[in-house]
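Numbering (mature numbering (1 follows the signal peptide of the UniProt record, and there is no 0)), first residue to last: -20 to -1, 1 to 583. Just below is one structure, and these are the notes that go with it.
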């Protein structure tokens, strides 16, 4: 093993700028040979990737299309294919696993109205297995079924139960790789019904309980002791999974876009080691997002399935990695089909339309989009027509930041890639108060449990923050004194104290006409539980945004204090003032520093 590792690991260490020792280090580390040794220990390699979100081609540090003459470019499946092909020449015993959320994020998904090009790409790259992410359900079960029928490798999610014929036929709980005497289990976040659009007959069971049940089943019905999991449930849930189960020692995760390893901005070790219920070590890895990183871990299994040692060197994929010509030619031909359309200019912006804060507080992009939703309904009003009270939507539905300058059709798709519709509905003031109080508490008011939550007696959680149009102001008392920036879910934000519409307190017994998007009206992010029984279609969100951008060209949206905690005792709202100043100066936040040079796996 040392000779073989010497071919790969020094290169990977250069690739990722990993400092120091790249051997991680089970307490029982003493293995020195690959494959089986005289004690029955078995060594194999895992490559893994997660949350690519339709980034089939290279991209900039912000995740948008890359101009290689002006900026550094990252990722792209043609580079991933280069790395995998070369790695497999060294380690024929390796597996390449996909941890979900291939759907949604670029025009390779939006323009082709689903996952057809993604499926073709994944087949060419040569995955050994995949689990499903929540975004695979964004276009509902039928579209996912079309994708699954094309995929030529196992698709695994043990906690999904579906009456959809294609999903029922193609999604398996686990797969046994006989040549390795290894089982791989897949699971998908059970929040999927709240944050995506699976059909009513597609049920998501508790992933942790499901994993334990599946591990027990495999161990009791087969001779398999080596078990790994690909888990689209998030890093914190992976840690909980490791602590609350037995018999599982390797977890390859996704969903939370977590960067692990010795990189700037890393959130933990690669791998992260936890102790299970028996006090044994469990190894957790994840590979960030978009295909900017490729996970790599080499594992030595003991005969009972525990892990004796690991070597690892997660790879940051930069322009130094060669693009595999066959796949890159395909990707380029697909891109040419939508590039001309995407270059069409529909308007411009004089400010940064920032989405980075939209999931936790008022954001510039949220203000623009909700104002556009409001105007979509009133633009054709005639004298005497009813005027809606306001518009709102989920911050998680705003997917990109747009810099100052021209606003193109392609930008529109990156901001709003879900093909959402604007809808109108009637709702009482009391119901509105309850909805916004629930958003701030992260728990739907007067909510009933989803069917698939009943078995676990779970409390539903609101899974996104809200964005609102200019007609309303929401104030709350923070859950913690002095907390100006709302905490991330599931921690409560605060208690609703003031709700005004056009400067007047909401009237609890009055019925209001309100606008949102179909995702929210249908129960998305658990704003409305149960979902709204009746809505009226207005128009597609893309059309609403195009009209607004053209009418208000150039866009000059800003933070206005639509959503903020109560004033401090000094009479100043520090959150509002500081963010307003930043917006006025058009400061770009969350700049990714690129300082790592990637080397090829082989010369």
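No residue lacks a Cβ here, since even glycine has one placed at the ideal position from N, Cα and C.
* Asked: Under 8 Å between the Cβ atoms of residue 74 and residue 26?
  -> Judged by their CB atoms, residue 74 and residue 26 are nearer to each other than the 8 Å cut-off.
* To do: Could you tell me if residue 514 is buried or exposed, where buried requires 16 or more neighbouring beta carbons within 10 angstroms of its beta carbon?
  => Label assigned to residue 514: exposed.
* Who are the Cβ neighbours of residue 408 in its own chain at under 6 Å, not counting the five residues just before and after it? -> If the five residues before and after residue 408 are omitted, its C-beta is found closer than 6 Å to the C-beta atoms of 491, all from its own chain and listed in chain order.
* Asked: The alpha helix (DSSP H) spanning residue 197 covers which residue range?
  -> DSSP places residue 197 in the uninterrupted alpha helix (DSSP H) bounded by 187 to 201.
* Taking Cβ positions, are residue 543 and residue 342 nearer each other than 8 Å? -> In this structure, residue 342 lies closer than 8 Å to residue 543 by Cβ.
* Asked: Which two residues bound the contiguous beta strand (DSSP E) that contains residue 608?
  -> For the chain, the structure presents residues -20 to 583; residue 608 sits outside this window and is missing.
* Asked: For residue 23, does the count of other Cβ atoms within 10 angstroms reach 16, so buried, or fall short, so exposed?
  -> Residue environment for residue 23: buried (at least 16 other C-beta atoms within 10 angstroms of its C-beta).
* **Extent of the continuous alpha helix (DSSP H) run through residue 530** => Note, residue 530: alpha helix (DSSP H), 521 to 531.
* Is residue 144 helix, strand or coil when you go by DSSP? -> In the structure shown, residue 144 sits in coil (DSSP, three-state: anything other than H, G, I, E or B).
* Asked: Given residue 45, which residues of its chain have a CB within under 7 Å of its CB, disregarding the five upstream and five downstream residues?
  -> Taken in chain order, the residues that qualify are 39.
* To do: Over the uninterrupted beta strand (DSSP E) stretch that includes residue 314, give me the two end residues.
  => Not the beta strand (DSSP E): residue 314 falls in the alpha helix (DSSP H), residues 305 to 322.
* Can you tell which of 422, 399 and 525 has the C-alpha that lies nearest to the C-alpha of residue 84? -> Residue 399 is the option with its Cα nearest to residue 84.
* To do: Note down the Cα distance separating residue 432 from residue 186, rounded to an integer number of angstroms.
  => Since pLDDT at residue 432 reaches only 42, below the 50 mark, its modelled position is unreliable, and no value is offered.
* **residue 116 - DSSP class collapsed to helix/strand/coil** => In the three-state scheme derived from DSSP, where H, G and I count as helix and E and B as strand, residue 116 is classed as helix.
* Asked: Are the region 186 to 198 and the region 519 to 526 in contact at 8 Å, needing three or more beta carbon pairs?
  -> At 8 Å Cβ cutoff, the stretches do not touch.
* Below 8 Å, can you find three or more Cβ-Cβ pairs linking the region 161 to 169 to the region 135 to 145? -> With a cut-off of 8 Å, the region 135 to 145 and the region 161 to 169 count as touching, because enough Cβ pairs lie within range.
* Member of 101, 365 and 143 whose CA lies at the smallest distance from the CA of residue 127 -> Ranking the options by Cα distance to residue 127, first place goes to 101.
* Asked: Ordered along the chain, which non-local residues of its own chain (more than five positions away) have a Cβ less than 7 Å from that of residue 352?
  -> Excluding positions up to five away in sequence, the list reads 524, 525 and 528.
* Which residues mark the beginning and the end of the beta strand (DSSP E) in which residue 511 is found? -> Going by DSSP, residue 511 is part of no beta strand (DSSP E) at all; its letter is neither H nor E.
* Same chain, Cβ closer than 8 Å to residue 471, neighbours up to 5 away in sequence not counted -> Excluding the 5 residues flanking it on each side, residue 471 has same chain C-beta neighbours closer than 8 Å at 422 and 459, in chain order.
* To do: Return the bridge partner residues of residue 261 from the DSSP annotation.
  => Beta-bridge partners assigned by DSSP to residue 261: 255.
* **Straight-line gap, residue 371 to residue 29 (C-alpha atoms, nearest Å)** => Near 38 Å, if we compare the C-alpha coordinates of residue 29 and residue 371.
* With DSSP collapsed to three states, give me the class of residue 19. => Note: residue 19 maps to coil in three-state DSSP.
* **residue 311 beta carbon less than 8 Å from that of residue 536** => The answer is no: Cβ separation not under 8 Å.
* Cβ-based neighbour list, residue 488, same chain, cut-off 8 Å, excluding 5 preceding and 5 following -> So the list reads 408, 409, 410 and 413, once near-sequence residues are dropped.
* **Check whether residue 250 and residue 286 have beta carbons under 8 Å apart** => No; because the gap between Cβ atoms is not below 8 Å, this pair is not in contact.
* Spatial neighbours of residue 540 in its chain, beta-carbon cut-off 6 Å, leaving aside the 5 residues before and after -> Cβ-Cβ distances below 6 Å link residue 540 to nothing in the same chain once the five nearest sequence neighbours on each side are left out.
* Taking all protein chains shown into account, decide if residue 496 is buried (16 or more other Cβ within 10 angstroms of its Cβ) or exposed. => Looking at its Cβ environment, which holds 16 or more other Cβ atoms inside 10 Å, residue 496 is buried.
* By DSSP, does residue 592 sit in helix, in strand, or in coil? -> Outside the shown range of the chain (-20 to 583) lies residue 592, about which nothing can therefore be said.
* To do: Report yes if the C-beta distance between residue 443 and residue 502 is below 8 Å; otherwise report no.
  => Taking 8 Å as the Cβ cut-off, residue 443 and residue 502 do not qualify as a contacting pair.
* Could you give the DSSP three-state label for residue 301: helix, strand or coil? => DSSP places residue 301 in coil when its eight states are reduced to three.
* What does residue 212 pair with, by DSSP beta-bridge criteria? -> In the DSSP assignment, residue 212 is bridged to 168.
* For residue 133, does the three-state DSSP call read helix, strand or coil? -> DSSP places residue 133 in coil when its eight states are reduced to three.
* To do: Could you tell me which residues DSSP pairs with residue 266 in its beta bridges?
  => DSSP lists 233 as the bridge partner or partners of residue 266.
* **Limits of the alpha helix (DSSP H) - the one that residue 57 falls within** => Counting along the chain, the alpha helix (DSSP H) containing residue 57 begins and ends at 57 to 70.
* Taking the Cβ atom as the reference point for each residue, do residue 198 and residue 154 lie within a distance shorter than 8 Å? -> In contact: residue 198 and residue 154 (Cβ atoms closer than 8 Å).
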